[in-house]
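Under UniProt numbering, the residue at position 166 of the sequence shown is numbered 166, and the numbers go up by one with no gaps.
We treat Cβ as the ideally placed atom computed from N, Cα and C, and that holds for glycine.
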Amino acid sequence: MWDRLPTSAVLSRRGLGIPAECGACGIDESVDHVLFRCTWARATWQWTGIPEVAWRERRFFLQMIRQWLASTGTHQEAIRATCTAHQIWLARNARTFSERRMSPMFVAESARALAMEPRLTIPSDIPLIARDTWGSFSAQAASRTVFFTWEPPPPSFLKVNFDGSVLDGGTRGGVGFVIRDPHSRVVAAGGCQLFDISVPGAVLRAAWAGLRHARQVLRASSIILEGYSATVIGWIRQGPSGESTDHPLIRDIGMMVRDGASFQATHVFREANGAADWVAAYAAHHSGYALWAGERELPLALREIMYFDFLGCIRTRVV
Numbered sequence: 001m002w003d004r005l006p007t008s009a010v011l012s013r014r015g016l017g018i019p020a021e022c023g024a025c026g027i028d029e030s031v032d033h034v035l036f037r038c039t040w041a042r043a044t045w046q047w048t049g050i051p052e053v054a055w056r057e058r059r060f061f062l063q064m065i066r067q068w069l070a071s072t073g074t075h076q077e078a079i080r081a082t083c084t085a086h087q088i089w090l091a092r093n094a095r096t097f098s099e100r101r102m103s104p105m106f107v108a109e110s111a112r113a114l115a116m117e118p119r120l121t122i123p124s125d126i127p128l129i130a131r132d133t134w135g136s137f138s139a140q141a142a143s144r145t146v147f148f149t150w151e152p153p154p155p156s157f158l159k160v161n162f163d164g165s166v167l168d169g170g171t172r173g174g175v176g177f178v179i180r181d182p183h184s185r186v187v188a189a190g191g192c193q194l195f196d197i198s199v200p201g202a203v204l205r206a207a208w209a210g211l212r213h214a215r216q217v218l219r220a221s222s223i224i225l226e227g228y229s230a231t232v233i234g235w236i237r238q239g240p241s242g243e244s245t246d247h248p249l250i251r252d253i254g255m256m257v258r259d260g261a262s263f264q265a266t267h268v269f270r271e272a273n274g275a276a277d278w279v280a281a282y283a284a285h286h287s288g289y290a291l292w293a294g295e296r297e298l299p300l301a302l303r304e305i306m307y308f309d310f311l312g313c314i315r316t317r318v319v
């Protein structure tokens, strides 16, 4: 079965017009080369942190898989190594047939996320989405691990994820937002650099900028505004009448969602807000205003983060 995989060398011998050489390093492509010997594959394995003895060649790989599966303590390592080999093969297919090129780090992280999924057998009373931590919670609740993922908005809604980044003690920073549709497609993403700003101030500015773009540029009337800062989410929910603040941006947000808009402000853990976090960090290091209108314009690193969200990769946190 191992040798039946359709490598470039096999497809070339069948007369399909595909070069026999590996598309990454130019050497004749065998299965062993794709999974273990190619410089791109080796870089992927190195990102995983799996011992080199396990992926040096096919014989050692199969031997280590059997050894790891024999013990419950190393069973998960066998799953992760197998997922890594599978993801390397899928990435090779995408590269060969000109679908997309993925970085070794991205493939290694995809394998890690897939390997985690069989472990997610948790009690039915624990949801797989992030609970809102703005409200109070029972002091009797013990620490536990929760599993969650970024979720696309419901039909007819746009979801605006937002975040702020502060550097050098607040002397400079950045804000970022990402707007996606119910199919997880990026409608717009943008941000700008700020100076002399606090963390809550940067996050609030990011929420305002993302909502403003959704309402005034995209003309959206059904919006979910989502961020990791429970404090800022609380301010937005309370509005300018809340006891915490009467900030002009809070008042402007209230005006934007008052006129016929279907609006929700929701909390998500930071780990599921990675796309907006990346944009905010990017903006903090670049002067001016950045705006990407659609997926094709996005930087590769940001596209990879969003691809994880699209796949529904599950994150974990102890709460």
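In three-state terms, what does DSSP make of residue 298?
Taking the sequence shown and counting its residues from 1, one reaches residue 298 at position 298. The answer is coil: DSSP assigns residue 298 none of H, G, I, E or B.
Report the option in 302, 63 and 24 whose CA atom is closest to the CA atom of residue 186.
Within the sequence shown, residue 186 is the residue found at index 186, counting from 1. With distances taken between Cα atoms, residue 186 lies closest to 302.
Name, in chain order, the residues that DSSP records as bridge partners for residue 196.
Looking up residue 196 in the sequence shown gives position 196. None; residue 196 has no bridge partner.
Would residue 196 be called buried (16 or more neighbouring beta carbons within 10 Å of its own) or exposed?
Residue numbering aside, residue 196 sits at position 196 when the sequence shown is read from its first letter. With fewer than 16 other Cβ atoms within 10 Å, it is exposed.
Scan the segment 164–220 and note each continuous alpha helix (DSSP H) run of 4 residues or more that stays entirely inside, going in chain order.
Those alpha helix (DSSP H) runs which fall completely within the segment 164–220 and span 4+ residues are 199–212.
Kindly give me the distance between the Cβ atoms of residue 193 and residue 284, rounded to whole angstroms, as I take these residues to be in contact under 8 Å.
Here the question's residue 193 lines up with position 193 in the sequence shown. Here the question's residue 284 lines up with position 284 in the sequence shown. Their Cβ separation, rounded to whole angstroms, is 6 Å, which keeps residue 193 and residue 284 in contact under 8 Å.
Give me the Cα-Cα distance between residue 126 and residue 255, rounded to the nearest whole angstrom.
Position 126 of the sequence shown, counted from the start, is the residue given in the question as residue 126. Position 255 of the sequence shown, counted from the start, is the residue given in the question as residue 255. Low local confidence applies: a pLDDT of 39 at residue 126 is under 50, so the model's placement there is unreliable, with the coordinate-based value given in what follows. Distance between the alpha carbons of residue 126 and residue 255 is about 36 Å.
Going straight from the alpha carbon of residue 49 to that of residue 104, what length do you get?
Here residue 49 refers to the residue found at position 49 when the sequence shown is read from its first residue. Here residue 104 refers to the residue found at position 104 when the sequence shown is read from its first residue. If I take the Cα positions, the gap works out to 12 Å.
Quick check on residue 309: does DSSP put it in helix, strand or coil?
Walking along the sequence shown from the start, residue 309 turns up at place 309. Residue 309: helix per DSSP, three-state reduction.
Using DSSP bridges, identify the partner residues of residue 162.
Working through the sequence shown from its first residue, we reach residue 162 at position 162. Answer by DSSP bridge pairing, in chain order: 177.
Only counting the same chain, and skipping five residues up and downstream in sequence, which positions put a Cβ closer than 7 Å to that of residue 307?
Walking along the sequence shown from the start, residue 307 turns up at place 307. Nothing meets the Cβ criterion.
Flag this pair as yes or no: are the beta carbons of residue 177 and residue 209 separated by less than 7 Å?
By one-based count along the sequence shown, residue 177 stands at place 177. By one-based count along the sequence shown, residue 209 stands at place 209. Cβ atoms of residue 177 and residue 209: closer than 7 Å.
Using the Cβ count rule (16 or more neighbours within 10 Å means buried), how would you classify residue 315?
Your numbering for residue 315 matches position 315 in the sequence shown. Result: buried.
What are the start and end residues of the alpha helix (DSSP H) that includes residue 35?
The residue labelled residue 35 in the question sits at position 35 within the sequence shown. Where residue 35 is concerned, there is no enclosing alpha helix (DSSP H), given that its DSSP letter is neither H nor E.
So, at 6 Å on beta carbons, what are the nonlocal neighbours of residue 114 in its own chain, with the 5 sequence-adjacent residues on each side left out?
Within the sequence shown, residue 114 is the residue found at index 114, counting from 1. Closer than 6 Å at Cβ, skipping near neighbours: 83.
What three-state label does DSSP hand residue 223 in the structure shown?
As a working mapping, residue 223 is identified with position 223 in the sequence shown. Correct three-state label for residue 223: strand.
Is it the case that the segment 50–64 contacts the segment 31–39, given that we only count it when at least three CB pairs across the two stretches are under 8 Å?
A contact exists between the segment 31–39 and the segment 50–64.
Can you tell which of 218, 267 and 201 has the C-alpha that lies nearest to the C-alpha of residue 233?
Numbered from 1 along the sequence shown, position 233 holds the residue referred to as residue 233. The candidate whose alpha carbon is nearest that of residue 233 is 267.
For residue 70, count neighbouring Cβ atoms within 10 angstroms of its own Cβ and tell me buried if that reaches 16, exposed if not.
In the sequence shown, counting from the first residue as 1, residue 70 sits at position 70. The residue in question, residue 70, is exposed, as its Cβ has fewer than 16 Cβ neighbours within 10 Å.
Measuring CA to CA, which of 153, 76 and 150 is closest to residue 116?
On the sequence shown, position 116 is the one that residue 116 refers to. Closest by alpha carbon: 76.
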